[in-house]
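Reading through the structure tokens given below for one structure.
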Amino acid sequence: MKGILGTKIGMTQVWRDEKLVPVTVVLAGPCPVVQRKTSETDGYNSVQLGWIEKSAKAASKPELGHVGRAGVAPQRHLVEFRDYLPEEDTVTVDIFVEGQKVDVTGISKGRGTAGVVKRWGFSGMPASHGTKKKHRHPGSIGQRKSPARVYKGKRMAGHLGAEAATTIGHELVEIRKDDNLLLIKGSVPGPNGGLLVVKDSTRKVTRWPSLST
Numbered sequence: 109m110k111g112i113l114g115t116k117i118g119m120t121q122v123w124r125d126e127k128l129v130p131v132t133v134v135l136a137g138p139c140p141v142v143q144r145k146t147s148e149t150d151g152y153n154s155v156q157l158g159w160i161e162k163s164a165k166a167a168s169k170p171e172l173g174h175v176g177r178a179g180v181a182p183q184r185h186l187v188e189f190r191d192y193l194p195e196e197d198t199v200t201v202d203i204f205v206e207g208q209k210v211d212v213t214g215i216s217k218g219r220g221t222a223g224v225v226k227r228w229g230f231s232g233m234p235a236s237h238g239t240k241k242k243h244r245h246p247g248s249i250g251q252r253k254s255p256a257r258v259y260k261g262k263r264m265a266g267h268l269g270a271e272a273a274t275t276i277g278h279e280l281v282e283i284r285k286d287d288n289l290l291l292i293k294g295s296v297p298g299p300n301g302g303l304l305v306v307k308d309s310t311r312k313v314t315r316w317p318s319l320s321t
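Every letter in the sequence shown is one number past the one before it in our numbering, and letter 189, counting from 1, is 297.
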């Protein structure tokens with residue numbers, strides 16, 4: 109499965125077939141190959157790509173030894189791609205073609221501690237009939253005598269965001285090879301400036317079946 113690392117630049121719009129298409133601009137590559145794994149030596153095939161160089165002073169000795177074997181500079185981000193062994197020592201946007209589908213993984217925006225209305229979409233308590241200072245509360249969360257506890261996994265207030273999120277089936281609207289830019293249709297996870305992983309899409313469905321069939 110081909111893939112590349114990049115940075116989310118932001119969103120804009122482009123004209124395609126007299127339609128205004130919203131796109132996310134991603135600065136992708138070139139990504140140096142830091143390590144190769146094969147089924148003979150490691151039991152599976154993969155490649156480890158790096159993204160964004162950092163100074164040797166900012167790297168630890170194990171990091172310097174790791175990248176030194178590949179003859180590349182220390183990298184801020186290292187991501188492994190299974191079942192992908194590129195022939196080149198650097199991966200660029202040339203691995204993709206315009207119009208294909210891709211999956212994009214990023215770290216979602218952190219929202220801090222959120223209540224059940226924002227975190228899970230609860231409707232909250234009634235706005236009238238005696239409700240006082242509990243309009244955005246979850247309501248009852250457990251039982252009385254049996255089972256006398258709150259079930260694990262109960263949707264409650266807590267930390268929201270700042271975790272890996274993947275959106276699938278995005279169309280690659282345009283590839284600007286000279287600028288190492290990918291224009292991906294729609295919005296993708298993460299803030300501007302965040303790390304993104306762009307891969308071949310695993311989505312196999314090209315259209316939803318008719319309800320009559």
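By construction, the Cβ of each residue, glycine as well, lies at the ideal position given by its N, Cα and C atoms.
- For P170, the secondary structure class from DSSP, reduced to helix, strand or coil, is helix.
- Between T146 and the set G173, H245, V155, P140, the nearest pair of CA atoms involves V155.
- When DSSP reads this structure, L280 sits in a beta bridge with I292.
- Taking C-beta atoms as the reference points, M109 and F189 count as a pair closer than 9 angstroms.
- Fewer than three beta-carbon pairs drawn from the stretch 237-247 and the stretch 197-213 are found closer than 8 angstroms, and the two stretches are therefore not classed as touching.
- In the three-state scheme derived from DSSP, where H, G and I count as helix and E and B as strand, D308 is classed as strand.
- Leaving aside the five residues that flank T198 on each side, the residues in its chain whose CB is nearer than 8 angstroms to its CB run, in chain order, G137, P138, C139, P140, V141.
- Per DSSP, R227 is one residue of the alpha helix (DSSP H) stretching across 224-228.
- Per the coordinates, the alpha-carbon of E196 lies some 34 angstroms from the alpha-carbon of A270.
- Per DSSP, the unbroken beta strand (DSSP E) holding V129 starts and ends at 127-136.
- Every beta strand (DSSP E) stretch that sits fully inside the stretch 176-224 and reaches 3 residues is listed by chain position as 183-190, 209-215, 220-222.
- Cβ neighbours of S216 within its own chain (closer than 8 angstroms, five residues either side excluded): G269, A270, E271, A272, A273, P297, G298.
- When DSSP states are grouped into helix, strand and coil, K285 belongs to the helix group.
- Sixteen is the threshold: when 16 or more other Cβ atoms of the shown chains lie within 10 Å of the Cβ of G114, as they do, the residue is buried.
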